[in-house]
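Counting in the UniProt record's numbering, the sequence shown runs from 1 upward without gaps.
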Amino acid sequence: MELSIRRLCAAVGAVLLSSFAVIPAALAAEYDKMVHGPVDLPNGQWLNFYQKDQQVWGEMLYGDAPGVRIDDYGRAEIVAVFYYDFDKGGTKEVIVMLKDADGQHLRGYGFEGEELTKLPRLQAVLDEVAPTISTFTVGGVRKVLSQLPPQQYRMTYEAEGVQDPDIKAILDGTSKLKPTLIGYRNSEGTATDVKTAVEYKLRYPLTRTDKDAEGRERKYSLVATFDRSAYVEEDGSFMLVAIGYEVDDIDWLKNGSEKIPRTGPFYEFMSMGSTWAGVASEAHYVQGKLDGHFAAYDARNGSVMYAGDYKLGEQVGKWIEADSRETYWEGEYLDGKKQGKWVLQSMMDDADNYGFIHYNKGVPDGPSEIYTPDYDSSTEGAKKLSEKGIYLNGVKDGEWLESDGSKGQYQKGVKQGAWVEKVTQGDYRFQTGEGGYLDGKRSGTWVYIRTPDENDAFTTKQSVTYLYKTEVNYENGLRQGEAKLFNKDNFMFALKHYDKGRLHGESLWYSAPNIVSNVANYRQGELDGPQMWLEPNGDLNELSQYKFNDAVKLKPSQDECMMRKEPYAGDCEGVLSSKNAETSSIKDGEHRVYRGGQLSELTYYTNGAVDKEYRFDSNGRLMSLQTYKAGKEYGPSIRYSTDGGYSLVQYGHLINNRLSGPHYTFYPNGQLKSLWNYCQQEGETWNGEPYFWDNAIARCGIQREYFDNGAVNCIEELDSNYAVDKVCYDRNGKLANEMLRIDEQHVVHKRYINGVIYQEEPGFSDFSHVTKGRKIYHLENPKSHGVFKSYDSSGKLKYEKIFDMGKAGCMKKYDANGKQTPETASCQF
């Protein structure tokens, strides 16, 4: 059975038309009454159920549009309508409960886009279970439905070419067979429940006998396999992925990945849309082995990927095997092995071919010639030679043109002599290399060039032969000695040195002839010793010291990995890609950065960890000093500023990236700006363990802030970064505000203008946090609690207002003599 696009579209259309025909709804005058509804649907539609002449039907409505009849129920009573998720994938179906003279019934519908359609396969199940439900309520029905194995009933399975009538009936929903659940398995292949299952099997009461591969007589049953991970469009839904006869005496729930013997027809299905599943493969088994016609199809368009015949497990006779979406191979199998000439055919035209390969007992043997479409040609159907050569008992021999454009000589499968190669790996990928091979390994001088292509924008402005070129020597497949790199003007911009495939010794980069821009020193491919960057005028830009890291096991070199059969596997993983570009070497000693010939940064490292950092301005003045310990800020921290002149602006101490102890800041005029004390202390412990504060800038104890004239601004006591007491002054030394702690939860905030009190606000805090086992209440923004007082500019009491945990009570107002006003006399507290 071959699946074509035309057949696929026709089949989908036929299914949709048969499952749901759009019938114009009745006008209001055409029904006697509405017997149920409206029932809301997910996309803004709703369901109504009408009756006329004792005949009941349902309609789906949306806005002012005419309703669409979804089903007819005859002389029936609509009991209830509800949603139910049969596939456990999140998309729910609509269930209609009804009763008529024949008893109780269930009807099921699902959404195709925004349209509600009948679901034949679901309806067959509902017709089976409805008469058995003892309590015909929504709860009773849900309880029965919850016992059904989950399944995406909106999915339609291609069954047109299925010959077995029982399998076909199961696929199209007309089967009357009642299956039994074998069980559920999780992603690890072990038994589980439905909540964590990714697959399950149903066994149908249809059996047959057949011998297995060892000649033993065994019993087989028809089994359907459901999977929730194979359908990307309906992630989480359970859908049928395979159906056929499987042997009974193997416990699928315990056999793990062991293959279960089969007999007779076997079909696999694949998703080709949210509600359509096409045949992925069709096969036939005899004695547990493939026997008869086999075909597999492409999930993208349903075209044949593989097709041919098996005989007791071995491929025989004519086969086709897809090579791409445009071509497929056609040839013969003999005793399970390819034999004779195989031709690469066009998918679009059987009379057109793209080459051939000869086989003998399953291995290429003889001439091979392959073409590919020439998309650059103006001639329709033009081709170009892609690969040509001779195989000798499975290995290449003699002159070869390879599919990547490489060409040269093989001797019994081993490259030998002159070669031109298109490089796809390592440092020279996307370049063309020309050199020699000796016994399958690069040898002698090789030249690599990167030629311009349409992606190189600047080549549209000027014509160049190549963008850059490398000349390098090989010994035994490994780069050895000098490697020279040239730009398009044949200027040598780099000179590297290799030893056994790794950078070793000094490498130089040039910005102009005889003008060195970078000096790097390597040891076994890793940085080792001084590394320098220079300006075009010769001034030093950067100087670093690296040390070879003996603790890191070196990976193989790129040259070594490229000679392996699996260049990306094992210890070669990442070697040929950019993610392995960083050195394992460690900085050790001085690291200097210069700007305009002036030292800008000076950093000291020990075994890769920074010890001290100095930063300088353009005049060579120190701007900052930061010390470290084990790679973390530790010890003195100093900052200078050039705003308003060069001056010290900050001095403090850090422990393990946390500010510790007294911390000073200064104004440009040298006056002290602040003296803050931080919580973290040297050697601090709690419960016998070293303690480091979560808040790296938490302050504790007395904090002082000053104006630039030396006058006190604020004095504050903090506990774990939260205020306990605080008093602030203006520049003239007059009180500005106070925060007075009464106890651990009560506080009074006072505010002043020119030293005269104008507000007094008591508060209560019930918000706290715990630090080192202590509960600390936050007093800075408490709930108003107690008597709030307001004063005039002379300090006389104006009014009082009572608060209870933030809720305002009554207010007392006072006259100029300090007596409560009559209009507030009723307020007493």
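Glycine is no exception: its CB is placed at the ideal position from the N, C-alpha and C atoms. Since the structure is predicted, the reported quantities are computational estimates derived from the model, not experimental observations.
- At a cut-off of 3 residues, the continuous stretches assigned as beta strand (DSSP E) that sit fully inside the segment 357-424 are 363-373, 383-392, 395-401, 407-411 and 414-422.
- Pro782 counts as buried, since no fewer than 16 other beta carbons sit within 10 angstroms of its beta carbon.
- A direct Cα-Cα distance of roughly 5 Å separates Val198 from Arg228.
- Judged by DSSP secondary structure, Cys810 falls within the beta strand (DSSP E) whose first and last residues are Lys807 to Lys813.
- Membership of Val552 in any alpha helix (DSSP H) is not indicated, and neither H nor E is assigned to it by DSSP.
- With a cutoff of 7 Å on beta-carbon distance, Leu735 and Tyr752 are scored as near each other.
- For the 7 Å CB-CB criterion, Thr225 and Val241 form a contact.
- No alpha helix (DSSP H) of 4 residues or more sits fully in the segment 203-257.
- Residue Asn737 holds the alpha-carbon nearest to the alpha-carbon of Asn713 among Asn737, Met805 and Thr263.
- Secondary structure of Ala296 (DSSP, three-state): strand.
- Counting every other CB atom within 10 Å of its CB across the protein chains shown gives Pro205 a total below 16, marking it as exposed.
- Around the C-beta of Ile370, 16 or more other C-beta atoms lie within 10 Å, and the residue is accordingly described as buried.
- Leaving aside the five residues that flank Thr685 on each side, the residues in its chain whose CB is nearer than 7 Å to its CB run, in chain order, Tyr691.
- Tyr594 is bridged by DSSP to Leu599.
- Taking a 10 Å sphere around the C-beta of Phe491, we find fewer than 16 other C-beta atoms and assign the residue as exposed.
- The beta carbon of Pro513 sits closer than 7 Å to the beta carbons of Phe491 from its chain, once the five residues preceding and following it are set aside; these are given in chain order.
- Assigned with DSSP and collapsed to three states, Ile702 falls in strand.
- The Cβ atoms of Gly108 and Leu98 do not sit closer than 7 Å to each other.
- Relative to the Cα of Tyr722, the nearest Cα in the group Gln680, Asp743, Ile776 and Val748 belongs to Ile776.
- DSSP places Arg121 in no beta strand (DSSP E) but in the uninterrupted alpha helix (DSSP H) bounded by Pro120 to Val129.
- Annotated three-state conformation of Gly795 is coil, per DSSP.
- By the neighbour-count criterion, in which a residue is buried when 16 or more other Cβ atoms sit within 10 angstroms of its Cβ, Phe788 is buried.
- Comparing C-alpha distances from Leu648 to each of Ala322, Pro636, Glu633 and Thr665 shows the shortest one belongs to Thr665.
- The C-alpha of Met34 is placed about 35 Å away from the C-alpha of Ser175.
- The C-beta of Leu290 has 16 or more other C-beta atoms within 10 Å across all chains shown, which makes the residue buried.
- Under DSSP, Lys33 shares a beta bridge with Gln51.
- Between Pro131 and Gly103 the beta-carbon gap is near 6 Å, inside 8 Å, which marks them as a contact.
- If you draw a 10 Å sphere on the C-beta of Val770, you find fewer than 16 other C-beta atoms in it, and that means exposed.
- If you ignore the 5 residues before and after Ile390, its C-beta comes within less than 6 Å of the C-beta of Pro367, Asp397 and Gly398, all in its own chain and listed in chain order.
- Its chain contains Gln545 as the residues whose beta carbon lies nearer than 6 Å to that of Gly589, once the 5 sequence neighbours on both sides are disregarded; these appear in chain order.
- The DSSP-derived three-state label of Val144 is helix.
- Between Glu402 and Glu387, the C-beta gap is smaller than 7 Å, which places the two residues in contact.
- According to DSSP, Asp87 shares a beta bridge with no other residue.
- Under the DSSP assignment, Met305 falls in the beta strand (DSSP E) whose first and last residues are Val304 to Lys311.
- Considering only His749, Leu467 and Tyr646, the residue with the shortest C-alpha distance to Pro668 is Tyr646.
- In this structure, the beta-carbon distance from Glu705 to Ser674 falls below 7 Å.
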